[in-house]
Amino acid sequence: MDSQSYSTELQTDIKFLKGVGPRRANILKQNNIYTIDDLLRYYPRKYLDRTNTKTISDLIVGDKVVIIATIKSFSLKRTKKGKYFQLNVNDTTGSLNCLWFHGVSWIIEKFKVGDNIAIFGKVEFYKGFRIIHPEFDILDENDSQLNTGRIIPIYATNAKLKNVGLDSRGIRKLIINALNEVSDKIFDYFNDEIIKKEAILKLKSAILNIHQPEDQFNLKSAIYRLKFDEHFFIQILMALNKNRIKTSKGKVYRLLGDHAKSMYKNLSFNLTNAQIEVLKEIRIDFCSGKPMNRLIQGDVGCGKTIVAALTAAIVVAERSQVAIMAPTEILAEQHYNSFHEKFKNTKINCALLISNLKKKEKDLLYDNLKNSKIDIIIGTHALIQDKVIFNDLGLIIVDEQHRFGVDQRKKLIEKGNNPHLLAMTATPIPRTLAFTLHGDMEISWIDEMPLNRKEIITKVVNPNDIKMIYSQMKKEMDKGHFCYIVYPIIDESEKLDLQDAKNAFELLSENEFKEYSLGFMHGKLDKTEKNKLMKNFIAGEIQCLISTTVIEVGIDNSKATIIVIENSERFGLTQLHQLRGRVGRSDLQSHCFLVQRKSTENSSKRLQIMESTSDGFKISDEDLKLRGPGDFFGTKQHGYIKSGLINFNQDSDIIKRARKKSFEIIDKDPKLILSENSLIRNEFMKNYKEMLEFINIG
13 MDSQSYSTEL QTDIKFLKGV GPRRANILKQ NNIYTIDDLL RYYPRKYLDR
63 TNTKTISDLI VGDKVVIIAT IKSFSLKRTK KGKYFQLNVN DTTGSLNCLW
113 FHGVSWIIEK FKVGDNIAIF GKVEFYKGFR IIHPEFDILD ENDSQLNTGR
163 IIPIYATNAK LKNVGLDSRG IRKLIINALN EVSDKIFDYF NDEIIKKEAI
213 LKLKSAILNI HQPEDQFNLK SAIYRLKFDE HFFIQILMAL NKNRIKTSKG
263 KVYRLLGDHA KSMYKNLSFN LTNAQIEVLK EIRIDFCSGK PMNRLIQGDV
313 GCGKTIVAAL TAAIVVAERS QVAIMAPTEI LAEQHYNSFH EKFKNTKINC
363 ALLISNLKKK EKDLLYDNLK NSKIDIIIGT HALIQDKVIF NDLGLIIVDE
413 QHRFGVDQRK KLIEKGNNPH LLAMTATPIP RTLAFTLHGD MEISWIDEMP
463 LNRKEIITKV VNPNDIKMIY SQMKKEMDKG HFCYIVYPII DESEKLDLQD
513 AKNAFELLSE NEFKEYSLGF MHGKLDKTEK NKLMKNFIAG EIQCLISTTV
563 IEVGIDNSKA TIIVIENSER FGLTQLHQLR GRVGRSDLQS HCFLVQRKST
613 ENSSKRLQIM ESTSDGFKIS DEDLKLRGPG DFFGTKQHGY IKSGLINFNQ
663 DSDIIKRARK KSFEIIDKDP KLILSENSLI RNEFMKNYKE MLEFINIG
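In our numbering, each residue carries its 1-based index in the sequence shown increased by 12.
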């Protein structure tokens, strides 16, 4: 059967599948299941392995087990230290207690006496067998499959799905109906040669075994094949962009130039080996005749800005212009001040484009830019407006590039003729994930800190120690140094169980720090108020800044030595690391205090990692393990990854193989027009067509 027939069969509207109908179809579509193909790609969230369950009498302390049992009783217990939830279950051989100590309110309504339940966890023994914080699934006693020695798929559901009879068992029945109707219409987009070389299952077998696994081996093989597919098509997108760059012409900048030589000669410090290596890579890009498309990854304070400034100096020496785009006006102003200082002994003309410029000033800036009287322009997304016209845009530098939408970066690139692109991020990304998400870019790593920087001393502290911390802050402020206190929310109305910045500012101003100058920064302030606060803080008129996470990036006070993060258990690792980076920006010894007000296993693990290392790359790896790629990046910037199974932290071998194969195919067939790749092209266009217009944004 040809690809069109295959597509038509699987693209049938979900409402026409046996067992669905209009009402269920409406709910399924609200859950992004529009077609039979979408339903078949609705993979189980986990599996109940009935081939490997244990009876309670056979339990061994320390083993991780699956138990099928019946709920006998449950209750909320109270102790002097708080409360916990206890569930008692039994089977024909004995009884077992399950206990939950944290966040017990959500679990109370889950159970009914007499329900069958599948429990997974590590066995302990204390006055009988017990499992702490087990995973569980309530089972339907009428499901005949549960009484067989099979691997049973468990599907994610929600209240809306359950209201129309689509709990895990209901979804399983629909998928069985779909497989009965269309399984013989599932044809592979990979040819036999690829399947054999990559040692992967055929697509039909993979789809069948992901939903109805015969055994663990077939299940693992199915997961591997479907993960391979997801990574493969992501890498096809990267390969297409890399091929576009390879076949495009970029302006050549062979000479270092007088500006860069003068800057380098007058540096008051030595560049690190990592910085020197990155500059070498950039020089090679400039000599290649192709437009550079490079991402610099470096931790907070590693020295990306001086690398960017030296790169800009090379371009300006050849009479080309440079645009530097930052995500906030505060960060744009800091870059402007930094570049202005670095180029003060040269003839390089820097300009700043921000919203509070008067019309007359903006019009003069636009005119000077168009006539090449401005060499380097620094601004926010204001740079992409139509009035901004360059005479010869040679280089674009995008700071914290993941904070910009793909269309914004595309519009700036279109203002030049294949300009070179240098992106920077102070949010370290795990290397495996970086090659996946930025596989079309060359990636440079500044994994070395300047020699004069002292490691920030980080401590997780109890709220009872807060007076001691305030005392240390006063000593630092008395020396002329500066402090931050960061809160998760602005005021107490947002969430009653959290410390809030507004109350703290008022109380600390009137009591603990009444002899010091405090400022209050939060996201609801307008730009003018924010900018004034930041200027006052950097100028020393404010000694301690009380703030929400709005200070996460773009604030650089080299004399800030203490940051206190309240309710630190509420923050992710990457965000905590970014906040910690507000101090330790000079040779002064700095401290980060993480105030933990509520303890959970996960939050304690995060805070222990923060205490043990200041290496942003290690922290990003751990953050990815704890939170997964979706939370790590957010959906807006990377929503194009259509993932159902992939786990970037575990899939490094699959990524390498999928990347190698996708790049091989695009090298031989850059437009996927050969007949042998027609089904790959169809599948790619079905899922990634909307991204093709953005493949040149890096």
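Cβ coordinates follow ideal geometry from the N, Cα and C atoms, glycine included.
Might you give, ordered along the chain, the residues of its own chain that have their beta carbon closer than 6 Å to the beta carbon of F86, omitting 5 neighbours on each side?
-> In the sequence shown, counting from the first residue as 1, residue 86 sits at position 74. Around F86: L99 and F123.
Have a look at the DSSP bridge pairing and note the partners of K95.
-> In the sequence shown, residue 95 corresponds to position 83, counting from 1. Bridge partners of K95: R90.
Rounded C-alpha distance that separates N474 from Y348 = For the purposes of this step, residue 474 is identified with residue 462 of the sequence shown, where counting begins at 1. For the purposes of this step, residue 348 is identified with residue 336 of the sequence shown, where counting begins at 1. Each residue's alpha carbon lies about 40 Å from the other.
Could you tell me whether the Cβ atoms of I458 and D411 are closer together than 8 Å?
-> Counting from one through the sequence shown, the residue named residue 458 turns up at place 446. Counting from one through the sequence shown, the residue named residue 411 turns up at place 399. No, Cβ-Cβ distance for I458 and D411 is not below 8 Å.
Residue nearest to T358 in terms of C-alpha spacing, selected from V328, Y54 and A394 | The count along the sequence shown starts at 1 and reaches residue 358 at position 346. Checking every option, the nearest Cα to that of T358 belongs to V328.
Look at the Cβ atom of V334, then the Cβ atom of I308, and state whether they are nearer than 8 Å.
-> Working through the sequence shown from its first residue, we reach residue 334 at position 322. Working through the sequence shown from its first residue, we reach residue 308 at position 296. Contact: no.
For the region 178-185 and the region 240-251, state whether three or more C-beta atom pairs, one from each stretch, are separated by less than 8 Å.
-> no
Mind checking who H432 pairs with in its DSSP beta bridge?
-> Here residue 432 is taken as the residue at index 420 of the sequence shown, counted from 1. Paired residues: L407.
Could you have a look at G182 and say whether DSSP puts it in helix, strand or coil?
-> Position 170 of the sequence shown holds residue 182. If DSSP states are grouped into helix, strand and coil, G182 belongs with the helices.
For Q555, count neighbouring C-beta atoms within 10 Å of its own C-beta (all shown protein chains included) and say buried if the count is 16 or more, exposed if not.
-> Position 543 of the sequence shown holds residue 555. Q555 should be labelled buried.
In chain order, what residues of the same chain have a beta carbon less than 8 Å from the beta carbon of M275, not counting five sequence neighbours either side?
-> The residue labelled residue 275 in the question sits at position 263 within the sequence shown. Excluding sequence neighbours, M275 sits near A321, L322, A325, K354, F355 and T358.
Which residues in the same chain as K371 place their Cβ atom closer than 8 Å to its Cβ, once the five residues preceding and following it in sequence are excluded?
-> Locating residue 371 in the sequence shown gives position 359, counting from the first residue. Excluding residues within five positions, none has a Cβ falling inside 8 Å.
Indicate, with yes or no, if the ligand SAH has a heavy atom lying under 7 Å from the CB of K30.
-> Although the ligand SAH was asked about, the structure shown includes no ligands whatsoever.
Does the Cβ of Y499 have 16 or more other Cβ atoms within 10 Å, making it buried, or fewer, making it exposed?
-> Taking the sequence shown and counting its residues from 1, the one referred to as residue 499 is at position 487. Under this definition Y499 is a buried residue.
Which value, in whole angstroms, describes the spacing of the CA atoms of S570 and H393?
-> Mapped onto the sequence shown, residue 570 falls at position 558. Mapped onto the sequence shown, residue 393 falls at position 381. Their Cα atoms are separated by approximately 27 Å.
Element boundaries [beta strand (DSSP E), containing M533] | Along the sequence shown, one-based indexing puts residue 533 at 521. L530 to M533 is the extent of the beta strand (DSSP E) around M533.
Distance, E293 Cα to A286 Cα | Indexing the sequence shown from 1 puts residue 286 at position 274. Indexing the sequence shown from 1 puts residue 293 at position 281. In a straight line, the C-alpha of A286 is about 11 Å away from that of E293.
For the region 34-44 and the region 56-65, state whether three or more C-beta atom pairs, one from each stretch, are separated by less than 8 Å.
-> no
Expressed to the nearest angstrom, what Euclidean distance is found between the alpha-carbon atoms of K95 and L111?
-> Locating residue 95 in the sequence shown gives position 83, where the first residue counts as 1. Locating residue 111 in the sequence shown gives position 99, where the first residue counts as 1. Their backbone Cα atoms lie some 11 Å apart in a straight line.
Just reading off the alpha helix (DSSP H) that V290 is part of, what are its end residues?
-> If you number the sequence shown from 1, residue 290 lands on position 278. Segment N285 to C299, the alpha helix (DSSP H) holding V290.
Is DSSP giving S15 helix, strand or coil here?
-> What you label residue 15 is simply residue 3 of the sequence shown in a count that begins at 1. For S15, the predicted structure reports a pLDDT of 45, less than 50, and the residue's modelled location is therefore unreliable. The matter cannot be settled from this model.
Anyone know if the C-beta pair for P431 and P303 falls short of 8 Å?
-> Your numbering for residue 431 matches position 419 in the sequence shown. Your numbering for residue 303 matches position 291 in the sequence shown. In this structure, P303 lies closer than 8 Å to P431 by Cβ.
Rounded straight-line distance, which links the Cα of T437 to that of S332 | Along the sequence shown, read from residue 1 onward, the residue named residue 332 stands at position 320. Along the sequence shown, read from residue 1 onward, the residue named residue 437 stands at position 425. Straight-line Cα distance between these residues: approximately 24 Å.
Apply the 10 Å Cβ neighbour rule to N203 and answer buried if 16 or more other Cβ atoms are within range, or exposed otherwise.
-> To locate residue 203, count along the sequence shown from 1; it is residue 191. With fewer than 16 Cβ atoms within 10 Å of its Cβ, N203 is classed as exposed.
Is it right to say E488 is buried, meaning 16 or more other beta carbons lie within 10 angstroms of its own, or is it exposed?
-> Against the sequence shown, residue 488 aligns to sequence position 476. Buried is the call here.
Measuring CA to CA, which of A130, V125, L186 and K316 is closest to G31?
-> Position 19 of the sequence shown holds residue 31. Measuring from the Cα of G31, the nearest candidate turns out to be L186.
Continuous beta strand (DSSP E) stretch holding Q309: start and end = Translated into the one-based positions of the sequence shown, residue 309 becomes position 297. Looking at the DSSP string, the run of the beta strand (DSSP E) that includes Q309 is N305 to G310.
Compute the Euclidean distance between the alpha carbons of G406 and K273, then round it to the nearest angstrom.
-> Here residue 406 is taken as the residue at index 394 of the sequence shown, counted from 1. Here residue 273 is taken as the residue at index 261 of the sequence shown, counted from 1. The alpha-carbon atoms of G406 and K273 are separated by roughly 19 Å.
May I have the straight-line CA-CA distance separating H493 from A234, to the nearest angstrom?
-> Residue mapping note: residue 493 aligns to position 481 of the sequence shown, counting from 1. Residue mapping note: residue 234 aligns to position 222 of the sequence shown, counting from 1. Distance between the alpha carbons of H493 and A234: 58 Å.
Assigned exposure category for N278 - 16 Cβ within 10 Å defines buried | The residue given as residue 278 occupies position 266 in the sequence shown. It counts as exposed.
Three-state secondary structure (DSSP) of P165 | Along the sequence shown, read from residue 1 onward, the residue named residue 165 stands at position 153. If DSSP states are grouped into helix, strand and coil, P165 belongs with the strands.
DSSP state of R331 mapped onto helix, strand, coil | Taking the sequence shown and counting its residues from 1, one reaches residue 331 at position 319. Three-state result, R331: coil.
Under a three-way DSSP split, which group does E59 fall into?
-> The residue labelled residue 59 in the question sits at position 47 within the sequence shown. Note that residue 59 corresponds to Tyr in the displayed sequence, not to Glu. Three-state DSSP puts Y59 in a strand.
What number of angstroms, rounded off, separates the C-alpha of F721 from the C-alpha of A435?
-> As displayed, the chain neither begins before 13 nor continues past 710, which places residue 721 out of reach and without an answer.
Helix, strand or coil at N694 according to DSSP, with G and I counted as helix | Within the sequence shown, numbered from 1, the residue matching residue 694 stands at position 682. Here N694 sits in helix by DSSP.
With C-beta atoms as the reference, is A5 less than 8 Å away from F675?
-> Because the chain spans 13 through 710 in this model, residue 5 falls outside it and cannot be assessed.
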